[in-house]
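These notes concern the structure reproduced below.
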Amino acid sequence: MNPKITTLLEKKLIGCKQNMNYAAYNPVPLWQSFMPVKREITNAVSTDLFSLQQFSAGFWEQFNPNTNFEKWAAVEVSDFDTIPANMDSLVIPAGSYAVFDYKGDGSDAATFFEAIFTDWIPNSDYVVDDRPHFEILGEKYKKGDPNSEEEIWIPVRLK
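Residue 233 is where the sequence shown starts when you use our numbering, and the numbers rise one by one after that.
In structure tokens, the structure reads:
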């Protein structure tokens, strides 16, 4: 597990959001509602999809799988001049991120994330920061395919 540490510039997103928790985690309905209407977003800057989690402050310090957070299905946009009906806007603030490359069909994603939070972070020079976490599903992402690739972005700051 060897992430790259990068500084993210502020990003603007438009998409759909839903409250959920890890005890009953099911993002499928969110994505099913977003994908048919994403074409209504006229100012997307790329075809990349953002699967984003916005947690309350301290979420990871006292982790409870029943604590709700906001889950987003979104795209990056150039501005918020036009926001389609039934969608929302979100700004990802600038800051440092640990970026992990993930390859696989998603069946071992929980194990991969667990390794980030229980192994890599405690043994690194970083702590998790209170900013959105997200995955970028780019052109190499293929849902359910063992050769699928995505980037996992975890907000960090020095200890």
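Yeah, the Cβ is synthetic: ideal placement off N, Cα and C, and Gly gets one too.
Per-residue burial, residue i [other beta carbons within 10 Å of its own, 16 or more giving buried]
i	result
residue 247	buried
residue 383	buried
residue 325	exposed
residue 297	exposed
residue 349	exposed
residue 267	exposed
residue 389	exposed
residue 271	exposed
residue 241	exposed
residue 319	buried
Beta strand (DSSP E) segment containing residue i, residue limits
i	result
residue 294	Careful: residue 294 lies outside any beta strand (DSSP E) and carries neither H nor E.
residue 282	281 to 286
Residue i and residue j closer than 8 angstroms at C-beta
i	j	result
residue 278	residue 308	yes
residue 337	residue 370	no
residue 387	residue 361	yes
residue 300	residue 251	yes
residue 316	residue 359	no
residue 385	residue 323	no
residue 243	residue 321	no
residue 263	residue 305	yes
residue 365	residue 285	yes
residue 381	residue 333	yes
Start and end residues, alpha helix (DSSP H) containing residue i
i	result
residue 266	260 to 266
Reduced DSSP category for residue i - H, G, I as helix; E, B as strand; rest coil
i	result
residue 391	coil
residue 242	coil
Quiz item: Which runs of the beta strand (DSSP E), 3 residues or longer, sit entirely within the segment 304 to 388?
Solution: 320 to 324, 327 to 335, 358 to 360 and 365 to 369
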